[in-house]
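Undergrad: Sharing a structure here in structure tokens format.
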């Protein structure tokens, strides 16, 4: 039984001290090399798992470590959260990680990649609503893996198999997985209060719309080589602040810059880098938007769900930033370039 | 004259030497033609290579930038996973081609990977660009191999022409001169001997 909302809020306040603050994150991004980065990181809460990973830790090994830490933090919060909130958080976070793993498994199966390689790319998290990941990875074909999911919430992805074969692509299954995830999140929103739903909706809906617009730009490129496009509803089953008409315009050749400028807040700001053809920066902007939304929520109510959500958003943003910095340091990139694609250092005083 | 020690100063040998030198001179002319043709090929190839390489390097830099931002944005595991979803691999066929006796590889693309609909937008941009320049990259590699081998052959041909022009042909000419001198000397000796014998016979008749 949960000790109640007050307990989880106080716990989140206390655990916030374990997070890497923006100044420290900037120092990590500005470290000279991997050695200095690991040295600085060992002065944080990552000390133990960094030691486990060893001195010559690679960016790939570190990414697993950062994911492990995120899952450990999620567990600590969800274990003590009130039932309804815990249910929502499980769907929002565990299901998201699970969907990412399912996509990675199905990608590997579709290209007949070796089992070990597929496993190497998986996020170290236990299955939530899916069957065992090992069984899915070990299945003979992608269709067999999809069949194994037949008795789970992911069963509808089977409908995407025919389209996958028709277009020799993976987007139909990935679109189904995204749709199932977003619908599950929307459904689980009923477990939290109506005021708290506003903040979560703001995050989920903007995230979905931005991903839709990015996907539309990708389709625009594909449309040049593949003139017969599938029905837009099958590619973009869910839209919120942006209409299918905008997406259609984007695919059918209207200048992306014009479309972006015509979008309202917060989309225009988030998608602005598209004008300079820096798509990766759109995701950084999206993460900044999510971080801001969580911060604003917390500013409104620091003793309720927003405080918990803001803590978990910060944990996820921290993971993303550390993954980018570790990879950047391993490849001896300039700090300026790493800082461009990270979120937290921007908030350093 | 050690180089002339084995030389037989006979008319037959001189005729044989003349036949050989005319063959060598003809070969040398052919080698000179080959050298000029190779030099022409080399300079044309270098010009093409220089122009194409510059454009290609710009494109490669752009692809590298896109890949770096994809890694920074998605993380190595996601990029690895997406990259492994590409089914067909880039397959090439290497065939030897000969130009003026110089063998160089000709590369034919057998199959190209299909990247459409399998990658995230951040990666698909880089993948499409990379896929677009792959054939160009292969052509450049082919050109580089060709230039390298032509340059090598040109060096060898040049050395052969120089050796023939400066060592072999002068050596033969020297030998021929030696034989001609020797034969002239012998015929003069023969003339003197005939004159002396003729004089002695005339004196005996008197």
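Chains as they are written, first to last, in our numbering: chain A, 2 to 350; chain B, 12 to 217. Built from N, CA and C at the ideal position, the CB exists for glycine as well.
1) Would the region 64-79 of chain A and the region 118-130 of chain A be scored as touching if the rule is three or more Cβ pairs under 8 angstroms?
2) If the criterion is Cβ atoms closer than 8 angstroms, does the pair residue 81 of chain B and residue 134 of chain B meet it?
3) Between residue 333 of chain A and residue 35 of chain A, what straight-line distance do the alpha-carbon atoms span, to the nearest angstrom?
4) Applying a beta-carbon distance threshold of less than 7 angstroms, which residues of chain B neighbour residue 280 of chain A?
5) Any C-beta of chain B within less than 7 angstroms: which residues of the region 154-176 of chain A qualify?
6) Tell me where the beta strand (DSSP E) around residue 103 of chain B begins and ends.
7) Nearest to residue 26 of chain A by CA position, among A/43, A/16 and A/10, is which residue?
8) Using beta carbons (cut-off 8 angstroms, strictly below), is residue 122 of chain B in contact with chain A?
9) For a contact meaning CB atoms closer than 7 angstroms, what does residue 82 of chain B contact in chain A?
10) Taking only beta-carbon positions, decide if residue 11 of chain A is within less than 8 angstroms of chain B.
11) Measuring CB to CB, does residue 122 of chain B end up less than 8 angstroms from residue 102 of chain B?
12) With three or more C-beta pairs closer than 8 angstroms as the rule, is the region 98-105 of chain A touching the region 60-69 of chain B?
13) How would you list, in chain order, the residues of chain B whose beta-carbon sits under 8 angstroms from the beta-carbon of residue 61 of chain A?
14) What in chain B is Cβ-close to residue 218 of chain A, meaning under 7 angstroms?
15) Using a Cβ-Cβ cutoff of less than 8 angstroms, which residues in the same chain neighbour residue 43 of chain B once the five nearest sequence positions on both sides are dropped?
16) Determine whether the Cβ of residue 234 of chain A lies closer than 8 angstroms to any Cβ atom of chain B.
17) With contact counted as at least three CB pairs below 8 angstroms, one residue from each stretch, are the region 212-223 of chain A and the region 270-286 of chain A in contact?
18) Just the Cα atoms here: how many angstroms apart are residue 231 of chain A and residue 152 of chain B?
19) Using 8 angstroms as the threshold, is the region 288-308 of chain A in touch with the region 247-261 of chain A, meaning 3 or more CB pairs across them?
20) Can you have a look at residue 94 of chain A and say buried or exposed, based on whether 16 or more other CB atoms are within 10 angstroms of its CB?
21) Run through the DSSP bridge pairs and tell me what residue 115 of chain B is partnered with.
22) So, with DSSP's three-state summary, where would you put residue 158 of chain B?
23) To the nearest angstrom, how far is the alpha carbon of residue 56 of chain B from that of residue 111 of chain B?
24) Should residue 90 of chain B go down as buried or exposed, given a rule of 16 or more other Cβ atoms within 10 Å for buried?
25) Below 8 angstroms on the Cβ atoms is my guess for residue 164 of chain A versus residue 147 of chain A; work out the distance and round it to an integer in Å.
26) Taking 8 angstroms as the cut-off, does the region 202-210 of chain A touch the region 178-189 of chain A (at least 3 CB pairs, one atom from each stretch)?
27) Find the nearest neighbour of residue 48 of chain A within the set A/33, A/270 and A/21, judged by alpha-carbon distance.
28) Which of the residues in the region 315-339 of chain A, read from start to end, lie with their CB under 8 angstroms from any CB of chain B?
29) Suppose contacts are defined by Cβ-Cβ distances below 8 angstroms. Is residue 275 of chain A in contact with residue 261 of chain A by that definition?
30) Can you tell me the Cα-Cα spacing of residue 221 of chain A and residue 118 of chain B, whole angstroms?
31) List the whole-angstrom C-beta distance separating residue 311 of chain A from residue 327 of chain A, where the pair is believed to meet the contact cut-off of C-beta under 8 angstroms.
32) Does residue 345 of chain A come within less than 8 angstroms of chain B when only Cβ atoms are used?
33) Report the option in A/209, A/200, A/167 and A/266 whose CA atom is closest to the CA atom of residue 299 of chain A.
34) Run down chain B in chain order and give the residues with a C-beta less than 8 angstroms from the C-beta of residue 342 of chain A.
35) Kindly indicate which residue of A/178, A/173 and A/171 has the alpha-carbon position closest to the one of residue 150 of chain A.
36) Could you give the DSSP three-state label for residue 314 of chain A: helix, strand or coil?
TA: Walking through what the data contain:
1) yes
2) On the second chain, residue 81 of chain B is found 70 positions in, with the first residue counted as 1. On the second chain, residue 134 of chain B is found 123 positions in, with the first residue counted as 1. Yes, Cβ-Cβ distance for residue 81 of chain B and residue 134 of chain B is below 8 angstroms.
3) Mapped onto the first chain, residue 333 of chain A falls at position 332. Mapped onto the first chain, residue 35 of chain A falls at position 34. In a straight line, the C-alpha of residue 333 of chain A is about 8 angstroms away from that of residue 35 of chain A.
4) Indexing the first chain from 1 puts residue 280 of chain A at position 279. Those within 7 angstroms of residue 280 of chain A in chain B are 132, 133 and 136.
5) 168, 169, 170, 171 and 172
6) Working through the second chain from its first residue, we reach residue 103 of chain B at position 92. Element bounds for residue 103 of chain B: 102-110.
7) For the purposes of this step, residue 26 of chain A is taken as the residue at position 25 of the first chain. Looking at the Cα atoms, A/43 is the closest of the given residues.
8) Here residue 122 of chain B refers to the residue found at position 111 when the second chain is read from its first residue. So no, residue 122 of chain B is outside the interface.
9) As a working note, residue 82 of chain B is residue 71 in the second chain. Near residue 82 of chain B (Cβ distances below 7 angstroms), the residues of chain A are 328.
10) Here residue 11 of chain A refers to the residue found at position 10 of the first chain. Answer no: the Cβ-Cβ gap between residue 11 of chain A and chain B never drops below 8 angstroms.
11) The residue you call residue 122 of chain B lines up with position 111 of the second chain. The residue you call residue 102 of chain B lines up with position 91 of the second chain. Yes, the pair counts as a contact, with Cβ atoms nearer than the cut-off.
12) no
13) As a first step, residue 61 of chain A is located in the first chain; it is residue number 60 there, counting from the start. By Cβ distance, chain B contributes 87, 88 and 91.
14) To locate residue 218 of chain A, count along the first chain from 1; it is residue 217. In chain order: 132.
15) By 1-based counting over the second chain, the position of residue 43 of chain B is 32. Only 172 meet the Cβ criterion.
16) The residue labelled residue 234 of chain A in the question sits at position 233 within the first chain. Output row for residue 234 of chain A: interface = no.
17) yes
18) Working through the first chain from its first residue, we reach residue 231 of chain A at position 230. Working through the second chain from its first residue, we reach residue 152 of chain B at position 141. Rounded to the nearest angstrom, the two C-alpha atoms are 39 angstroms apart.
19) no
20) Residue 94 of chain A sits at position 93 when you count from the first residue of the first chain. Burial call: buried.
21) Sequence index remark: in the second chain, residue 115 of chain B carries index 104 (1-based). The partner list for residue 115 of chain B (beta bridge, DSSP) reads B/108.
22) As a position in the second chain, residue 158 of chain B is number 147, starting the count at 1. In this structure, residue 158 of chain B counts as helix in the three-state DSSP scheme.
23) Along the second chain, one-based indexing puts residue 56 of chain B at 45. Along the second chain, one-based indexing puts residue 111 of chain B at 100. Approximately 15 angstroms, taken between the alpha carbons.
24) The residue you call residue 90 of chain B lines up with position 79 of the second chain. By the neighbour-count rule (16 or more Cβ atoms within 10 Å), residue 90 of chain B is buried.
25) To locate residue 164 of chain A, count along the first chain from 1; it is residue 163. To locate residue 147 of chain A, count along the first chain from 1; it is residue 146. Rounded, the Cβ-Cβ distance is 12 angstroms, inconsistent with contact.
26) yes
27) Along the first chain, read from residue 1 onward, the residue named residue 48 of chain A stands at position 47. Of the candidates A/33, A/270 and A/21, the one whose C-alpha sits nearest the C-alpha of residue 48 of chain A is A/21.
28) 321, 324, 325, 328, 329, 332, 334, 338 and 339
29) Translated into the one-based positions of the first chain, residue 275 of chain A becomes position 274. Translated into the one-based positions of the first chain, residue 261 of chain A becomes position 260. Yes. Within cutoff.
30) Residue 221 of chain A sits at position 220 when you count from the first residue of the first chain. Residue 118 of chain B sits at position 107 when you count from the first residue of the second chain. Approximately 32 angstroms, taken between the alpha carbons.
31) Here residue 311 of chain A refers to the residue found at position 310 of the first chain. Here residue 327 of chain A refers to the residue found at position 326 of the first chain. Their Cβ separation, rounded to whole angstroms, is 24 angstroms, which puts residue 311 of chain A and residue 327 of chain A out of contact at 8 angstroms.
32) Taking the first residue of the first chain as 1, we reach residue 345 of chain A at position 344. By this cut-off, residue 345 of chain A is not an interface position.
33) Along the first chain, one-based indexing puts residue 299 of chain A at 298. For residue 299 of chain A, the nearest C-alpha among the options comes from A/200.
34) As a first step, residue 342 of chain A must be located in the first chain, where it is residue number 341. Within 8 angstroms Cβ-Cβ: 80, 83 and 84.
35) Position 149 of the first chain, counted from the start, is the residue given in the question as residue 150 of chain A. If we check each option's Cα against that of residue 150 of chain A, A/178 comes out closest.
36) Here residue 314 of chain A corresponds to residue number 313 of the first chain, with the count starting at 1. The answer is helix: DSSP assigns residue 314 of chain A an H, G or I state.
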